[in-house]
Amino acid sequence: MSEANIKPLNAKGLQSPAAAFATFCKEERERRESSGESFDERRFDEAMELALKKLKVLEGEDLQ
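Here the numbering used here is used: position 8 in the sequence shown is 905, and no number is missing along the way.
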């Protein structure tokens with residue numbers, strides 16, 4: 898692929914890392930719940946919240 902064919906990303910269509918991770922977690926939760934396998938919802942939620950807090954801090958967002 899030549900450089901002439903590469904288009905720059907449109908920033909309006911991009912999500913913040915925290916928003917993208919939250920979307921991923923929602924989809925992953927649904928997948929795990931419907932898999933029929935053992936799933937510890939409390940641990941999943943705790944891990945998700947911890948990761949989201951850290952991402953928001955890195956993004957410079959106010960957590961209050």
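We put the beta carbon where it would ideally sit given N, CA and C, even for glycine. Computed from a predicted model, the values in this text were never measured in an experiment.
State the start and end residues of the unbroken alpha helix (DSSP H) segment that holds residue i.
i: S931; result: P914 to S931
i: E934; result: That residue, E934, is in no alpha helix (DSSP H); it is neither H nor E in DSSP.
Of the choices the options, whose alpha-carbon is the least far from that of residue i?
i: K923; options: K950, M945, G957 and K953; result: M945
What residues in its chain sit with their C-beta under 7 Å from that of residue i, if we drop five residues either side in the sequence?
i: L1009; result: This structure gives no information on residue 1009, because the portion of the chain shown stretches from 898 to 961.
i: S913; result: E956
By Cβ distance below 8 Å, which residues in the same chain neighbour residue i in space, the five residues on each side in sequence not counted?
i: F936; result: R929 and E930
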